[in-house]
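Only one structure is covered here, and it is reproduced in the block below.
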Amino acid sequence: MSHQTVSSTLPISGSRWLIPALILIFALSILSMVLAFHQRTQRDMVHILQEKGHLLARSLEAGTRTGMMGRLGEATQLKTLFEETTALPDIFYILLTDSSGQVYINADPDGLARRSLSQSILQKLTQNDKVGWTISGKGENRHFIFHQTFTPVVRPMEKHSMMHPMKRQAIARKAAESPCGSPFCGDLFQPSSPQKTLVVGMDVQALDTARSKDIQHTFILAGVLLLLAVFGIIALFRAEALRYSRLRLKDTQAMSMEIIRSFPAGLLVLDAHGRLRFANKTAEALLQKPLQKLIGQDIAPHLPDALSHLIQNTESRIPESEILLPAKTSTIPISAGISAIKNENGILGKVLVLRDLSEIRRLEEEVRRKEKLAAVGQLAAGVAHEIRNPLSSIKGFATHFRQLFPSESPHHEAADILIREVNRMDRVIGELLEFARPSDIQPVKTFPLPLIQHALRLIAPDAEIKKIKISENLTPLPEIRLDPDRFTQVMLNLCLNAIQAMDEGGTLGIRARTEASFLILDIEDTGKGMAEEDISKIFDPFYTTKSKGTGLGLAVVEKIITAHGGKIRVDSILAKGTRFSLSFPL
Numbered sequence: 001m002s003h004q005t006v007s008s009t010l011p012i013s014g015s016r017w018l019i020p021a022l023i024l025i026f027a028l029s030i031l032s033m034v035l036a037f038h039q040r041t042q043r044d045m046v047h048i049l050q051e052k053g054h055l056l057a058r059s060l061e062a063g064t065r066t067g068m069m070g071r072l073g074e075a076t077q078l079k080t081l082f083e084e085t086t087a088l089p090d091i092f093y094i095l096l097t098d099s100s101g102q103v104y105i106n107a108d109p110d111g112l113a114r115r116s117l118s119q120s121i122l123q124k125l126t127q128n129d130k131v132g133w134t135i136s137g138k139g140e141n142r143h144f145i146f147h148q149t150f151t152p153v154v155r156p157m158e159k160h161s162m163m164h165p166m167k168r169q170a171i172a173r174k175a176a177e178s179p180c181g182s183p184f185c186g187d188l189f190q191p192s193s194p195q196k197t198l199v200v201g202m203d204v205q206a207l208d209t210a211r212s213k214d215i216q217h218t219f220i221l222a223g224v225l226l227l228l229a230v231f232g233i234i235a236l237f238r239a240e241a242l243r244y245s246r247l248r249l250k251d252t253q254a255m256s257m258e259i260i261r262s263f264p265a266g267l268l269v270l271d272a273h274g275r276l277r278f279a280n281k282t283a284e285a286l287l288q289k290p291l292q293k294l295i296g297q298d299i300a301p302h303l304p305d306a307l308s309h310l311i312q313n314t315e316s317r318i319p320e321s322e323i324l325l326p327a328k329t330s331t332i333p334i335s336a337g338i339s340a341i342k343n344e345n346g347i348l349g350k351v352l353v354l355r356d357l358s359e360i361r362r363l364e365e366e367v368r369r370k371e372k373l374a375a376v377g378q379l380a381a382g383v384a385h386e387i388r389n390p391l392s393s394i395k396g397f398a399t400h401f402r403q404l405f406p407s408e409s410p411h412h413e414a415a416d417i418l419i420r421e422v423n424r425m426d427r428v429i430g431e432l433l434e435f436a437r438p439s440d441i442q443p444v445k446t447f448p449l450p451l452i453q454h455a456l457r458l459i460a461p462d463a464e465i466k467k468i469k470i471s472e473n474l475t476p477l478p479e480i481r482l483d484p485d486r487f488t489q490v491m492l493n494l495c496l497n498a499i500q501a502m503d504e505g506g507t508l509g510i511r512a513r514t515e516a517s518f519l520i521l522d523i524e525d526t527g528k529g530m531a532e533e534d535i536s537k538i539f540d541p542f543y544t545t546k547s548k549g550t551g552l553g554l555a556v557v558e559k560i561i562t563a564h565g566g567k568i569r570v571d572s573i574l575a576k577g578t579r580f581s582l583s584f585p586l
């Protein structure tokens with residue numbers, strides 16, 4: 001049976017740890033993405049605050065230079081500038097200090113710098129880098145501290161290599177005229193004074209809030225992605241499980257259909273309305289109808305009346321009953337039963353099962369016949385023994401009486417008739433005993449062809465008397481296990497019966513061949529043939545169609561063939577002839 005086999009994909013039950021493992025991998029991947037996003041957000045926030053602090057320092061440097069040009073670059077004016085700048089909503093304080101931690105200008109309206117920054121902290125901030133940052137404080141006091149070297153007297157553009165030469169000359173000329181060596185010089189920025197550092201405290205709450213919202217949104221998005229991933233994985237595995245189940249179902253259906261098609265009983269599946277949905281080949285053979293062409297139609301009108309009544313019965317289950325179906329030459333006994341197909345909603349349809357009882361009836365008849373033969377054989381054996389002894393005495397007295405009278409005497413003729421009838425009765429008794437005794441055959445490995453030819457030589461004189469032609473078709477035959485004497489007895493009996501059944505000028509056909517694992521031997525005549533009712537009885541003891549027959553010859557033949565493990569079949573047509581087919585296992 002060639003059908004698609006079940007896929008090698010493992011069912012979901014075989015990978016119960018795979019779904020949690022995949023979910024864990026997705027969760028870790030999403031968590032790493034969230035952490036990376038958090039770190040990037042942190043860097044972006046620091047970068048924004050650094051840029052803001054740098055721009056603020058540049059702006060304060062520019063403002064200081066502008067004040068110095070108007071001779072207002074003193075500490076008082078700078079403090080005012082710083083305090084005005086701290087009025088911005090996200091600036092907590094601005095300090096001007098040096099590397100020793102000394103504060104020159106302190107614009108700290110809320111006192112946050114005083115609470116958060118000691119002189120030692122300022123020293124650490126200003127000693128390491130020219131530009132730097134840190135985050136200080138907790139809760140409401142948490143803020144971003146930016147520090148950068150404060151050099152208002154040196155413009156950044158002066159360091160630029162692309163500055164126009166005339167502009168550099170003008171600045172140098174003003175620096176030479178300035179008493180402190182700079183065109184913009186105040187008391188705090190003399191060349192001998194320590195390097196100043198600008199410290200700016202900035203609010204990070206807005207950025208923290210924005211960052212928290214971003215993180216919250218990120219976690220929400222990550223959760224949604226994780227849920228989608230989980231549902232996707234589960235859906236994928238469910239789809240795989242469904243595909244696997246469909247493959248299993250497809251294979252199971254294919255296997256079931258193959259089993260149903262080759263089922264020895266006939267099956268008809270009907271829906272709830274009596275329409276044919278399926279029928280196997282056995283049902284078609286039994287009903288002798290092309291049922292495949294009737295699929296989807298109401299099947300009742302196409303069935304014999306007995307089956308139509310079964311289908312129209314409303315009972316859910318009907319026990320099997322025997323029905324005779326019409327055939328070409330006779331009837332076929334079948335067993336028919338019907339069962340309903342149900343679910344929770346009611347009856348979905350019906351299944352009609354048809355079983356051919358022909359073989360069962362044949363075997364039953366054969367058993368009855370053999371029982372009958374056994375009983376007849378036992379009876380015949382008892383009767384034969386009781387009769388044979390008196391017959392011997394009768395034959396002896398008849399022989400004695402015949403000797404007392406001359407040959408032309410009527411009494412002598414009467415004694416001859418008596419002796420002949422006694423001899424005939426003795427032959428019948430011998431056949432009875434032959435039939436009654438057990439089949440003690442003694443098979444040996446032998447070639448059947450010489451035995452067949454020997455039997456034909458023995459019956460040749462009888463055939464010549466009636467001018468019967470013997471037609472041989474004998475192919476080389478292999479050795480088989482046979483009892484030579486009993487096999488010859490069978491051949492003689494069947495051939496003589498065939499000769500006796502023919503008129504002058506008939507033909508006796510003998511054909512031997514091998515088919516599969518059997519030796520087939522056909523003995524055919526062109527005689528009168530037999531009626532159908534006679535064929536079923538010819539192997540019964542004492543049944544004969546010949547006026548002088550005993551009715552035991554064919555019974556003995558069948559017994560010998562059966563003892564060899566073979567079979568005998570008869571085909572006969574009235575006025576045309578009869579053929580006996582013998583089969584012996586090789």
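Numbering follows UniProt numbering, in which position 391 of the sequence shown is assigned residue number 391; successive positions increment by one, without gaps. For every residue, glycine included, the Cβ atom is placed at its ideal position computed from N, Cα and C.
- Query: Anyone know if the C-beta pair for I299 and G274 falls short of 8 Å?
  - Reply: On the sequence shown, residue 299 is found 299 positions in, with the first residue counted as 1. On the sequence shown, residue 274 is found 274 positions in, with the first residue counted as 1. For I299 and G274, yes; Cβs fall inside 8 Å.
- Quick one: Cα of D305 to Cα of P290, how far? Against the sequence shown, residue 305 aligns to sequence position 305. Against the sequence shown, residue 290 aligns to sequence position 290. Cα to Cα, D305 sits roughly 18 Å from P290.
- Query: Roughly how far, in whole angstroms, is the beta-carbon of N106 from the beta-carbon of L88, given that I think they are within contact range, below 8 Å?
  - Reply: Counting from 1 along the sequence shown, the entry for residue 106 is found at position 106. Counting from 1 along the sequence shown, the entry for residue 88 is found at position 88. The Cβ separation is near 17 Å, so there is no contact.
- Give the DSSP-derived three-state secondary structure of F539 in the structure shown. Along the sequence shown, one-based indexing puts residue 539 at 539. In the structure shown, F539 sits in coil (DSSP, three-state: anything other than H, G, I, E or B).
- Message: So, with DSSP's three-state summary, where would you put K342?
- Response: For the purposes of this step, residue 342 is taken as the residue at position 342 of the sequence shown. Of the three classes helix, strand and coil, the one that applies to K342 here is strand, per DSSP.
- Task: Excluding the 5 residues preceding and the 5 following T545 in the sequence, name in chain order all residues of the same chain whose CB lies nearer than 8 Å to its CB.
- Result: On the sequence shown, position 545 is the one that residue 545 refers to. Hits under 8 Å: M530, D534 and I538.
- Query: Roughly how many angstroms lie between the CA atoms of S339 and A283, to the nearest whole one?
  - Reply: Taking the first residue of the sequence shown as 1, we reach residue 339 at position 339. Taking the first residue of the sequence shown as 1, we reach residue 283 at position 283. So the alpha carbons of these two residues sit roughly 16 Å apart.
- Cross-strand partners of N106 (DSSP beta bridge): The residue you call residue 106 lines up with position 106 of the sequence shown. According to DSSP, N106 bridges with L95.
- Query: Rounded to a whole number of angstroms, what is the C-alpha to C-alpha distance between residue 593 and K370?
  - Reply: Summary: the structure shown does not reach residue 593, with the chain confined to residues 1 through 586, and so no result is reported for it.
- Exposed or buried, which one is K293 when buried takes at least 16 other CB atoms within 10 Å? Working through the sequence shown from its first residue, we reach residue 293 at position 293. K293 is exposed by the Cβ-count criterion.
- Item | Alpha carbon of E364 to alpha carbon of G382, nearest angstrom | Start at 1 with the first residue of the sequence shown, and residue 364 comes out as number 364. Start at 1 with the first residue of the sequence shown, and residue 382 comes out as number 382. Going from the Cα of E364 to the Cα of G382 covers about 27 Å.
- Taking the Cβ atom as the reference point for each residue, do T526 and G565 lie within a distance shorter than 8 Å? Taking the sequence shown and counting its residues from 1, the one referred to as residue 526 is at position 526. Taking the sequence shown and counting its residues from 1, the one referred to as residue 565 is at position 565. Going by C-beta atoms, T526 is not nearer than 8 Å to G565.
- Looking at the structure shown, is T475 part of a helix, part of a strand, or coil, going by DSSP? Indexing the sequence shown from 1 puts residue 475 at position 475. The answer is coil: DSSP assigns T475 none of H, G, I, E or B.
- Can you tell me whether DSSP reads P585 as helix, strand or coil? In the sequence shown, the residue the question calls residue 585 occupies position 585. Of the three classes helix, strand and coil, the one that applies to P585 here is strand, per DSSP.
- Task: Could you check if T5 is buried or exposed, using at least 16 other CB atoms within 10 Å of its CB as the buried criterion?
- Result: For the purposes of this step, residue 5 is identified with residue 5 of the sequence shown, where counting begins at 1. Its pLDDT being 42, under 50, T5 is placed unreliably by the model, and the measurement read from it follows with that caveat. T5 is exposed by the Cβ-count criterion.
- N-terminal and C-terminal residue of the beta strand (DSSP E) that L276 is part of: Residue 276 sits at position 276 when you count from the first residue of the sequence shown. Where L276 is concerned, the enclosing beta strand (DSSP E) stretches over L276 to A279.
- Run the CB neighbour count on A415, radius 10 Å, all protein chains shown included, and call it buried at 16 or more, exposed below. Along the sequence shown, one-based indexing puts residue 415 at 415. Burial call: buried.
- Query: Shortest alpha-carbon distance to L307 belongs to which of L352, P264 and S330?
  - Reply: If you number the sequence shown from 1, residue 307 lands on position 307. Here the closest residue by C-alpha is L352.
- Query: Given 8 Å as the limit, is there contact between the region 344 to 358 and the region 512 to 525, that is, 3 or more CB pairs closer than that?
  - Reply: no
- Query: Just to confirm, are N141 and L122 a CB contact at a threshold of 8 Å?
  - Reply: Taking the first residue of the sequence shown as 1, we reach residue 141 at position 141. Taking the first residue of the sequence shown as 1, we reach residue 122 at position 122. Not a contact, by the Cβ cut-off of 8 Å.
- Does the pairing of the region 218 to 235 with the region 26 to 33 give three or more beta-carbon distances under 8 Å? yes
- Message: Closest to D483 by C-alpha separation, out of K445, S581, V230 and V557, would be which residue?
- Response: Indexing the sequence shown from 1 puts residue 483 at position 483. When each option's Cα is compared against that of D483, the closest is K445.
- Task: For M257, count neighbouring C-beta atoms within 10 Å of its own C-beta (all shown protein chains included) and say buried if the count is 16 or more, exposed if not.
- Result: On the sequence shown, position 257 is the one that residue 257 refers to. With fewer than 16 other Cβ atoms within 10 Å, it is exposed.
- Query: Taking the alpha-carbon positions, what's the I215 to L221 distance?
  - Reply: Counting from one through the sequence shown, the residue named residue 215 turns up at place 215. Counting from one through the sequence shown, the residue named residue 221 turns up at place 221. Straight-line Cα distance between these residues: approximately 10 Å.
- Please report how far the alpha carbon of A265 lies from the alpha carbon of I295, in whole angstroms. Numbered from its first residue, the sequence shown carries residue 265 at position 265. Numbered from its first residue, the sequence shown carries residue 295 at position 295. Whole-angstrom Cα-Cα distance: 19 Å.
- Item | I573 versus A254 - alpha carbon distance | As a working note, residue 573 is residue 573 in the sequence shown. As a working note, residue 254 is residue 254 in the sequence shown. The straight-line gap from Cα to Cα measures roughly 47 Å.
- Buried versus exposed call for V199 [16 or more other C-beta atoms within 10 Å across all chains shown]: Locating residue 199 in the sequence shown gives position 199, counting from the first residue. Per the 10 Å Cβ criterion, buried.
- Should V422 and I394 be called a contact, given that it needs their Cβ atoms to be closer than 8 Å? Counting from 1 along the sequence shown, the entry for residue 422 is found at position 422. Counting from 1 along the sequence shown, the entry for residue 394 is found at position 394. Their beta carbons are under 8 Å apart, which means V422 touches I394 by this criterion.
- Would you say K567 and I561 are within 8 Å of each other, going by their C-beta atoms? Position 567 of the sequence shown, counting from 1, holds the residue named residue 567. Position 561 of the sequence shown, counting from 1, holds the residue named residue 561. Yes, the Cβ-Cβ distance between K567 and I561 is below 8 Å.
- Item | Outcome for T197 when other beta-carbon atoms lying within 10 angstroms are tallied against a minimum of 16 | On the sequence shown, position 197 is the one that residue 197 refers to. Looking at its Cβ environment, which holds 16 or more other Cβ atoms inside 10 Å, T197 is buried.
- Query: Any idea what DSSP makes of S118, helix, strand or coil?
  - Reply: What you label residue 118 is simply residue 118 of the sequence shown in a count that begins at 1. Residue state, collapsed to three classes: coil.
- Look up R511 in the DSSP assignment and say whether it is helix, strand or coil. As a working mapping, residue 511 is identified with position 511 in the sequence shown. In the structure shown, R511 sits in a strand (DSSP, three-state: E or B).
- Query: If L477 and F447 are in contact, beta carbons under 8 Å, what's the gap, nearest whole angstrom?
  - Reply: For the purposes of this step, residue 477 is taken as the residue at position 477 of the sequence shown. For the purposes of this step, residue 447 is taken as the residue at position 447 of the sequence shown. So it is a contact: roughly 7 Å between Cβ atoms.
- Task: Starting from K293, follow the alpha helix (DSSP H) in both directions and report where the run begins and ends.
- Result: Along the sequence shown, read from residue 1 onward, the residue named residue 293 stands at position 293. Segment: none, K293 is in no alpha helix (DSSP H) and carries neither H nor E.
- Query: Which one of Q39, I523 and V230 has the shortest CA to CA distance from I23?
  - Reply: Counting from 1 along the sequence shown, the entry for residue 23 is found at position 23. Of Q39, I523 and V230, the residue nearest in Cα terms is V230.
- Going by the beta-carbon positions, is the gap between E359 and S335 smaller than 8 Å? For the purposes of this step, residue 359 is identified with residue 359 of the sequence shown, where counting begins at 1. For the purposes of this step, residue 335 is identified with residue 335 of the sequence shown, where counting begins at 1. No.
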